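According to this note's numbering, the sequence shown is numbered sequentially starting from -15. The next block holds one structure in the form of C-alpha cells; read it before the comments.
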Amino acid sequence: MILILLLWPLGIVPVMAAANGLIDQRLSIQLFPEEHRLEGRAVLTPADSNSELPEMFRLAVGADIDAVTTDGKPTDFTFDKGLLQIPPGSEVSNLTISYRVRFDDPVPQDFVGIEDPSFGIAATIMPQGSFLSDNSGWHPLPVDRQSRFHVTIIGPPGLYGVTAGRLVELDSSATRSQTIWQTRLPQSSLALAAGYYQVKREDLGEIQLLAFTSVENAALAADYLESCREYMQLYQALFGPYPYAKFAVVENFYPTGYGLPGWTLLGSSVIRLPFIRTTSLPHEIAHAWWGNAIEIDYQSGNWGEGLATYVADYYLQELYAPAEAFEYRRKILRDYATLVEAGDDLPLTDFRSRMTKRDQAVGYGKAAMVFHMLRKLIGDEAFWQGLQATARDGLGKHFAWSDLRRHFEAASAMDLSVFFRQWTRRAGAPQLRLADVSVIPVDAGWQVSGSILQEEPVYDLAVPLRLETATHKHDQTFDLAGSQKPFVFTVNARPISLTVDPESNLFRKLYPEELPATVNNLRASKAPLVVVSTGSEALLGASRDLLRGLQWHQAPVMSEEDYLRQQPPGRDLLMLGWPKSLDLRPILPAGFTAAANQFSIGDKTYAEAQDVLFMVMASHEDHHVTGYFLPGSLAASRDTARRIPHYGRYSYLVFRVGSNQVKATWETEHSPLKILFEKEPIP
Ligand SMILES: [Zn+2]
C-alpha cells in the first residue's frame, strides 16, 4: 500500500486561496547533485487583474536568500525561521526571489523495520537521485495562496526533473539538461524528483503518459504505460475526466511508493516488483482524483486512502477475480481484528495518514469497507454517480467526509446521516451474535428462527443471513437497528447451516475463533519472546532483519533449555530453528510434516539448504501465537528474514533462495456466527 503525500506546506494547513488570489509562478531551479544543493529563482506575477502579490512566504529554514526584487528593484525583506516577509502595501506587478538551499537528509543504509513510509526523508539532493517533498520549502510558498507553476529544472547532462503539470520541454546538451513543466490547476506547493532517467512517452487523447526510469529498469516502461492507459480509461468511465495533463511513473533511488498530483514515485526495487503494476499503480492513478485534484480536508479525517483502496486494490479484484474480492474483504476484517486493539482504535474522522499498521487497518481497510457498505446500501448506479458528482464539484477544493455524504445523498435521494455518523465518527466495529436459534418441523418443511444481537453502542445495520439446505441457499437481509432482531426462515428441505454475513459484506469485529494465526499476530504482540532452539544458536544473528521487521528487536531472547525450565506464561513465541524438545514442536495440521532439515506440504517436499518454512500457529494459551522460523541453512535464513514481515496476512510461508513459493492462511471453520445443524439434534 502506498501513501499519498500530505499537502500541508511546512505543517500549516492550507486555507483555500481567495478567489482573487491566484498567482503565476515561474520557477527556475538549478540542481548541483554533487554538492547536495540547488539555486532557485521564483518570479511571481498576479494571475489576473484582481490578484495581488503575496507578502509572506514559507521557504526552507536553511535557505540563503540572495535577493528579493519588486518590479526589478531590490527590496527590503526579513527571513526568520523559514518565514520570508516583504513590506506590505505597494502595487507591484512582479516579484523575484533568488535563493540557495542545501538539502541532504540522510538516506538510511537499510530500510528493514522502518514503518514510516517516508523513511524520515523530507528532501535530499544526491548524485544517485533527488527528492524534494512538497513540504520541504524547496520553492517559496506564498502563505494561504495557490499558484499556477511554470517550472524549469536545470542540471548536469542527462539529469531530468519531474514535478506536477504538463511536460513542455525536455532536452540535454553536452553541458547541461533542462526539463520544463507547466501546471494548469492551482496548487499550494510542488514536490520534485530528479535523476539520470530514460524517458518514454505516449499520449492518451490529451493526456501525456510518461515513464522516467533508470537504464536498468527501462525495459519495464512499456508495460507500465500500457497499464496506465488501461486504468486511466477505466477510471475516466467511472469518475469522469482525468483532472491532470499527465500521469508519470517515476523511479526513485530509495524505496518509496508515493502518490503525487499527476505522478507516482516508486523506488527502484519497488518498480521491479511484478504486482506493483496491478496494485499500487491503479491505486495511485485513483488518487489523481481522490486526494490530489479533489483535496482532503485532513482536519476532519482522510477519506482518500479508503476510497483509493476501495476503487483500486479492492474493486479491480471484484472486476477480474471475484473470489479474490471476497478474500480481500475477509482480510480487511482480519487485519482490523488483529492489528487494532479496542483501547487503541480511532474513528475515521481522526485518521490522517499511515504511520503504523494500526492506522492502515483503520484508514485504508475499515474505510474501504465503509465505501463497500455504502455501495451495497445505495446501489451501484447511485454510488458511481455520487463519485462523479464529488469529482466535478470537488476539483481544487478541500473535501471532508461530509462533502462526500452530501453528494451520495443527492445521487441516492436517501438520508445517509446515520450511516456516515456511525461509520466515520465512531471508533470500533459492531460485534454480532446469534441467540435462541431453533429448528422446528412445520407442515411445509422446517422453520428456523432466532435472534441477531449486537452489543452497545448499537449500529444501524442490514444484516444478511444465509440458510443452506442440501440443494439451496436461502438469503434474507434483516434490518438491525437496536440490540436485537428476530428472524424466521421457512424452508422445505432439512436445514444444514445458518450463517451471518456469509459474503463478508459487513464491517464487523471478528471473534478470536474466526482469526487464523498470522504473521501480523507476531507483529502486534505485546509480549514477545524469542526462543533459540538447541543447536540453532547461530540462527539468532541471521534473524536480525526478521526481528526488526516484526518490531521485535527489543524482545527478550531465551535458549530452548531456559525456556523449558521457566516456561514464562502469557507470551507470544518465535522459535528460531527446529526445537529439540518434543514439547516445543508444533502440532502440525493434516498435510504437513516437518523435521530438522526438511518439511512437506501436501505432496511437495522441501529438503534443500535454500528452503525456508515460516509459520505461525495458535498457542496453547488463549490469544497467543507461536511463530516457527525453520530455514534449511544460515544463508537461506539471511535471504529470507527481511521478507517475512511483508507477508503479514499469512499463516505460513515457504521461500526458496529468498523468493516466495507458498503463502497461505489457515482455514478457520469455527465461528459463533455459523451454526451447523447436522450436529444439533433436530426434533
Ligand atoms: Zn494511497
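Each residue gets a CB set at the ideal place from its N, CA and C atoms; glycine is no exception. Because the structure is a prediction, the values reported are computed rather than measured.
Exercise. Heavy atom of ligand 1 less than 7 angstroms from the Cβ of GLY243, yes or no?
Worked result: Yes, Cβ of GLY243 sits closer than 7 angstroms to a heavy atom of ligand 1.
For this session: Using beta-carbon positions only, say whether LEU657 and THR483 come within less than 8 angstroms of one another.
Result: For LEU657 and THR483, yes; Cβs fall inside 8 angstroms.
Problem set entry | Local Cβ density within 10 Å of LYS315, reported as buried at 16 or more and exposed below that | buried
Exercise. How about GLU289: is its Cβ closer than 7 angstroms to a heavy atom in ligand 1?
Worked result: The beta carbon of GLU289 sits closer than 7 angstroms to at least one heavy atom of ligand 1.
Exercise. Roughly how many whole angstroms lie between the Cα atoms of TRP122 and ASP155?
Worked result: Across the structure, TRP122 and ASP155 are spaced so that their CA atoms are roughly 23 angstroms apart.
For this session: Look at the alpha carbon of VAL442 and the alpha carbon of GLY363, and state the distance between them as a whole number of angstroms.
Result: 24 angstroms
Exercise. So VAL354 and GLY290 are in contact, right, with Cβ under 8 angstroms, and what is the actual spacing, rounded?
Worked result: 6 angstroms
Exercise. Can you name, in chain order, every residue of its own chain whose Cβ lies under 7 angstroms from the Cβ of VAL426, other than the five neighbours on each side?
Worked result: Result list for VAL426: THR474, in chain order.
Exercise. For ALA746, is the beta carbon positioned less than 7 angstroms from some heavy atom of ligand 1?
Worked result: The requested residue 746 is not part of the displayed model; the chain covers only -15 to 667.
Exercise. Quick one: what does DSSP say HIS456 is sitting in, helix, strand or coil?
Worked result: coil
Exercise. Which residues share a DSSP beta bridge with TRP430?
Worked result: PRO425 and VAL475
For this session: Assuming VAL503 and GLY616 form a contact by the criterion Cβ under 8 angstroms, report the distance between their Cβ atoms to the nearest whole angstrom.
Result: Taking C-beta atoms under 8 angstroms as the contact rule, VAL503 and GLY616 fail to qualify, at a distance of about 20 angstroms.
For this session: Can you tell me which of the three DSSP states PRO448 falls into?
Result: strand
Exercise. In the DSSP assignment, what residue or residues form a beta bridge with ASN236?
Worked result: Residue pairing for ASN236: DSSP places it in a beta bridge opposite GLY251.
Exercise. Under 8 angstroms between the Cβ atoms of GLN112 and THR136?
Worked result: no
Problem set entry | Within 8 angstroms, strictly: CB atoms of ALA205 and THR197 | yes
For this session: Pull up the CB-CB distance for LEU560 and PHE613, whole angstroms please, since I reckon it's below 8 angstroms.
Result: About 5 angstroms separates the Cβ atoms of LEU560 and PHE613, confirming a contact at the 8 angstroms cut-off.
Exercise. Are VAL638 and ALA501 close, meaning C-beta to C-beta below 8 angstroms?
Worked result: no
Exercise. Which residues in the same chain as THR80 place their Cβ atom closer than 6 angstroms to its Cβ, once the five residues preceding and following it in sequence are excluded?
Worked result: VAL27 and THR53
For this session: Tell whether a beta-carbon distance below 8 angstroms holds between ALA309 and TYR298.
Result: In contact: ALA309 and TYR298 (Cβ atoms closer than 8 angstroms).
For this session: Decide if ARG717 is buried, meaning its Cβ has at least 16 other Cβ atoms within 10 Å, or exposed.
Result: Lying before the first or after the last residue shown, residue 717 is absent from the chain, which here runs from -15 to 667.
Exercise. Using the rule of at least 16 other Cβ atoms within 10 Å of the residue's Cβ for burial, across every protein chain shown, is LEU303 buried or exposed?
Worked result: exposed
For this session: Would you decide whether LYS710 is buried or exposed? Buried here means 16 or more other CB atoms lie within 10 Å of its CB.
Result: Any question about residue 710 goes unanswered here, given that the chain covers just -15 to 667.
For this session: List the residues that DSSP assigns as beta-bridge partners of ASN644.
Result: PHE639
Problem set entry | Assigned secondary structure, TYR348 (DSSP; H/G/I helix, E/B strand, else coil) | helix
Problem set entry | the region 341 to 353 touching the region 320 to 332, judged by at least three CB pairs closer than 8 angstroms | yes
Problem set entry | 6 angstroms Cβ shell around LEU332 - same chain, five flanking residues per side excluded | GLY285, ALA351 and THR408
Exercise. Based on Cα-Cα distance, which residue from GLU521, HIS654, ARG10 and LEU222 lies nearest to LEU125?
Worked result: Among GLU521, HIS654, ARG10 and LEU222, the Cα nearest to that of LEU125 belongs to ARG10.
Exercise. So what does DSSP say about ILE280, is it helix, strand or coil?
Worked result: Note: ILE280 maps to strand in three-state DSSP.
For this session: Pick helix, strand or coil for SER386, following the three-state DSSP scheme.
Result: Residue state, collapsed to three classes: helix.
Exercise. In terms of residues, what are the limits of the alpha helix (DSSP H) holding TRP122?
Worked result: Unbroken run through TRP122: none, as it is neither H nor E.
Exercise. Around the C-beta of ALA620, are 16 or more other C-beta atoms found within 10 angstroms, so that it is buried, or is it exposed?
Worked result: buried
Problem set entry | Limits of the beta strand (DSSP E) - the one that PRO30 falls within | 21 to 30
Exercise. Using the C-alpha atoms, what's the distance from ASP463 back to VAL447?
Worked result: Whole-angstrom Cα-Cα distance: 6 angstroms.
Problem set entry | Contact belief for GLY554 with ALA602 at Cβ below 8 angstroms, rounded distance in angstroms | No, GLY554 and ALA602 are not in contact; Cβ-Cβ is about 15 angstroms, not under 8 angstroms.
Problem set entry | LEU6 versus GLU23: straight-line alpha-carbon distance, rounded | 25 angstroms
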